[in-house]
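A.B. asks: Pasting a structure below so you can have a look.
Structure representation (structure tokens):
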């Protein structure tokens, strides 16, 4: 196979969290998933997903396994990233409760569990003009709350109360909700469009 | 105008999916909760006594003091679970009011009802329940459990029951997968479980909700074993805070759960850990005192 025909390889940080739903979504949009647990798994990736889970746990394991610098370096090299829920926290430049940022790539401030505890977890339809007229269904679980969006970041969607819940900045995407928990693959398609090849699904 | 729907099935099962690949640790104080979070736990189970102490003290084991649970919720930012007795929906109502993130309807406490489990669909807060085999798992899911933990014998540090029951669940699923559609009706009767949940499991080739392992996990290798047998995450009770060096044990079990299929890392994290919990082998516990057998 020539380089042109190769299916894109999309990594999913698999230290902990909702890894499998992302792996299935990556397959569904015509790319090859790669579970990333060690720096050697980052070789030859065309994109990387930071999944939902516990951001405090992931943050520790990222450092224990020496993944911080290699992932930051991928991002500097222009590899597209998608962070969902905890992944959004890992990508934020500012974290409201004083935690240090991990991969400060998005000009936003987030508050961990900002919507509340599990009893405040919710679902809602979201307008995402970028993905077409059909609303995207968002599942929010102990979700991070975006408290501020700086000029470098673009808001792709807001929750019914007007709070930003999907952000794009250059080749980095992040959502406060879990696109991997529904069958709508348009957001994974958008990541693939950023990768610049393969079967993205631009509604 | 779009609407917001809270406490849906998707959010309940979704939280369980977020805990996958992680370790849920039993803690009895706010300080232990902080140690657990610092070590990389994805959630803590707030309780007054770990199972090995429940065994030692005897008597009736009940829901923990709400004050203790609240203190633990305030001390940590990761999800907090708490246990109620099997069938004790009043304890569950109290735990829901406290705002815990998951309720464990648990055989580790003394059962309050010998016939009925809680109608978990009636609650906004999600529930986890234990099982020993596929039928028990599917009955609990039918009642509304959004997460299953396959039971080992809690408080023993002996992994044998966890292995037995995990194998029983997996074998049961494989059998369902090989059945003709008309055979699934008979299977549902035999499993004493709702037909729709049986059918869904046969189609998926796995439980419709995440399946974790709980009870008997005492070492990093135990955590790896249970993950390789199909558990998506592990609960560790007495194994951490009854070991010689809880911080190190906690960190080691977290690493082993993440890198469960990497013997190189497992060897490294198992080295020089100090004494694990002393434990009690299953054979030393008379059948009528075994906790895993509770649940109907």
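Chains as they are written, first to last, in my numbering: chain A, 431 to 633; chain B, 747 to 1042. Using N, Cα and C, we set each Cβ at its ideal position, and we do this for glycine too.
1) Is it the case that the Cβ atoms of residue 502 (chain A) and residue 481 (chain A) are separated by a distance below 8 Å?
2) Going along chain A in order, which residues have a C-beta closer than 9 Å to the C-beta of residue 751 (chain B)?
3) With three or more C-beta pairs closer than 8 Å as the rule, is the stretch 975-983 of chain B touching the stretch 937-949 of chain B?
4) Helix, strand or coil for residue 789 (chain B)? Go by DSSP, reduced to three states.
5) Counting only Cβ-Cβ distances shorter than 9 Å, please list the residues of the stretch 753-780 of chain B near chain A, keeping chain order.
6) With burial defined as no fewer than 16 other Cβ atoms inside 10 Å of the residue's Cβ, what is the status of residue 618 (chain A): buried or exposed?
7) Taking only beta-carbon positions, decide if residue 608 (chain A) is within less than 8 Å of chain B.
8) Against chain A, which members of the stretch 828-860 of chain B pass a CB distance test of less than 9 Å?
9) Given the structure, does residue 817 (chain B) come close to the ligand NAD, in the sense that its CB is under 7 Å from one of the ligand's heavy atoms?
10) Taking the C-alpha atoms as reference points, what is the distance between residue 820 (chain B) and residue 932 (chain B)?
11) Can you tell me which residues form a DSSP beta bridge with residue 893 (chain B)?
12) Assess, as a yes-or-no matter, whether the stretch 837-855 of chain B is touched by the stretch 782-793 of chain B under the definition of 3 or more beta carbon pairs within less than 8 Å.
13) Check distances from the C-beta atoms of the stretch 1003-1036 of chain B to those of chain A and list, in chain order, the residues that come in under 7 Å.
14) According to DSSP, is residue 860 (chain B) part of a helix, a strand, or is it coil?
15) Residue 547 (chain A) touches chain B at which residues, Cβ-Cβ below 9 Å?
16) Hey, out of B:971, B:974, B:965, whose CA is closest to residue 988 (chain B)'s CA?
17) Cα-Cα, which of B:982, B:828, B:927 is closest to residue 842 (chain B)?
18) Threshold first: 3 residues or longer. Then list the beta strand (DSSP E) segments lying entirely within the stretch 548-626 of chain A, N to C.
19) May I have a chain-ordered list of the beta strand (DSSP E) segments no shorter than 3 residues that lie completely inside the stretch 794-865 of chain B?
20) Would residue 901 (chain B) count as contacting chain A if we go by Cβ distances under 8 Å?
21) Please compile the residues from chain A whose C-beta is within a distance smaller than 7 Å of the C-beta of residue 786 (chain B).
22) How would you list, in chain order, the residues of chain B whose beta-carbon sits under 9 Å from the beta-carbon of residue 482 (chain A)?
23) With a threshold of 6 Å on Cβ separation, who are the neighbours of residue 906 (chain B) within its own chain once the five nearest residues in sequence on each side are excluded?
24) Can you tell me which of the three DSSP states residue 920 (chain B) falls into?
25) If you draw a straight line from the C-alpha of residue 630 (chain A) to the C-alpha of residue 457 (chain A), how long is it?
26) Extract the residue ranges of the beta strand (DSSP E) inside the stretch 958-988 of chain B, only unbroken runs of 3 or more that lie entirely within it.
27) Give the DSSP-derived three-state secondary structure of residue 517 (chain A) in the structure shown.
28) Taking 7 Å as the limit between beta carbons, can you name the residues of its chain near residue 948 (chain B), skipping five residues before and five after?
29) Count the other CB atoms within 10 Å of the CB of residue 632 (chain A); is the residue buried (16 or more) or exposed (fewer)?
30) Should residue 506 (chain A) go down as buried or exposed, given a rule of 16 or more other Cβ atoms within 10 Å for buried?
31) Where residue 918 (chain B) and residue 880 (chain B) are concerned, what is the direct C-alpha to C-alpha distance, given to the nearest angstrom?
32) How would you list, in chain order, the residues of chain B whose beta-carbon sits under 8 Å from the beta-carbon of residue 572 (chain A)?
33) In chain A, what lies closer than 8 Å to residue 872 (chain B) by C-beta?
34) Which chain B residues are close to residue 587 (chain A), counting only those with a beta carbon under 9 Å from its beta carbon?
35) Per DSSP, what kind of secondary structure is residue 771 (chain B) in: helix, strand or coil?
36) Just the Cα atoms here: how many angstroms apart are residue 774 (chain B) and residue 798 (chain B)?
C.D. replies: Result, derived from the coordinates:
1) Judged by their CB atoms, residue 502 (chain A) and residue 481 (chain A) are not nearer to each other than the 8 Å cut-off.
2) Simply 552, 553, 554.
3) With the rule of 3 Cβ pairs closer than 8 Å, the stretch 937-949 of chain B does not count as touching the stretch 975-983 of chain B.
4) Residue 789 (chain B): strand per DSSP, three-state reduction.
5) For the stretch 753-780 of chain B, the beta-carbon criterion of a distance under 9 Å to any beta-carbon of chain A is satisfied by 753, 754, 756, 757, 758, 759, 760, 761, 763, 764, 765, 766, 767, 768, 769.
6) Answer is buried; the Cβ neighbour count reaches 16.
7) So, interface residue.
8) Listed by position, the residues of the stretch 828-860 of chain B near chain A (Cβ gap below 9 Å) are 842, 845, 846, 847, 848.
9) The ligand NAD is not part of this structure, which contains no ligands at all.
10) For residue 820 (chain B) and residue 932 (chain B), the distance between alpha carbons rounds to 49 Å.
11) Residue 893 (chain B) has B:874 as its beta-bridge partners, per DSSP.
12) Touching, yes, given that three or more Cβ pairs across the two stretches are closer than 8 Å.
13) From the stretch 1003-1036 of chain B, only 1004, 1005 have a Cβ closer than 7 Å to chain A.
14) Coil.
15) What residue 547 (chain A) touches in chain B: 819, 825, 826, 845, 846, 847.
16) Nearest in C-alpha terms to residue 988 (chain B), of all of B:971, B:974, B:965, is B:965.
17) For residue 842 (chain B), the closest of B:982, B:828, B:927 by C-alpha to C-alpha distance is B:828.
18) DSSP runs (the beta strand (DSSP E)) wholly in the stretch 548-626 of chain A: 552-556, 566-570, 575-579, 584-588, 594-599, 602-605.
19) The DSSP assignment places 826-831, 848-852 as complete runs of the beta strand (DSSP E) inside the stretch 794-865 of chain B, in order along the chain (cut-off: 3 residues).
20) It does not: the Cβ of residue 901 (chain B) has no partner Cβ on chain A nearer than 8 Å.
21) Near residue 786 (chain B) (Cβ distances below 7 Å), the residues of chain A are 487, 490, 491.
22) Going along chain B in sequence order, the residues near residue 482 (chain A) (Cβ under 9 Å) are 760, 763, 764.
23) Spatial neighbours of residue 906 (chain B) in its own chain (CB-CB distance under 6 Å, excluding positions within 5 residues in sequence) are listed in chain order as 1028.
24) Helix.
25) Caution is warranted here: a pLDDT of 39 is assigned to residue 630 (chain A), below 50, making its placement in the model unreliable, and the coordinate value is therefore given only provisionally. Straight-line Cα distance between these residues: approximately 12 Å.
26) Entirely contained in the stretch 958-988 of chain B, the beta strand (DSSP E) runs reaching 3 residues are, in chain order, 980-982.
27) In the structure shown, the three-state DSSP call for residue 517 (chain A) is helix.
28) Once the five neighbours on either side are set aside, the close Cβ partners of residue 948 (chain B) are 922, 923, 925, 930.
29) Bear in mind that a pLDDT of 40 at residue 632 (chain A), under 50, signals an unreliable position, so the model cannot answer this.
30) The residue is exposed, with fewer than 16 neighbouring Cβ atoms inside 10 Å.
31) Answer to the nearest angstrom: the Cα atoms are 6 Å apart.
32) Correct list: 761, 764, 825, 847.
33) Within 8 Å Cβ-Cβ: 548.
34) Residue 587 (chain A) does not reach chain B, its nearest Cβ partner there being about 11 Å away, counting only Cβ pairs nearer than 9 Å.
35) Looking at residue 771 (chain B) - three-state DSSP - the assignment turns out to be strand.
36) About 12 Å.
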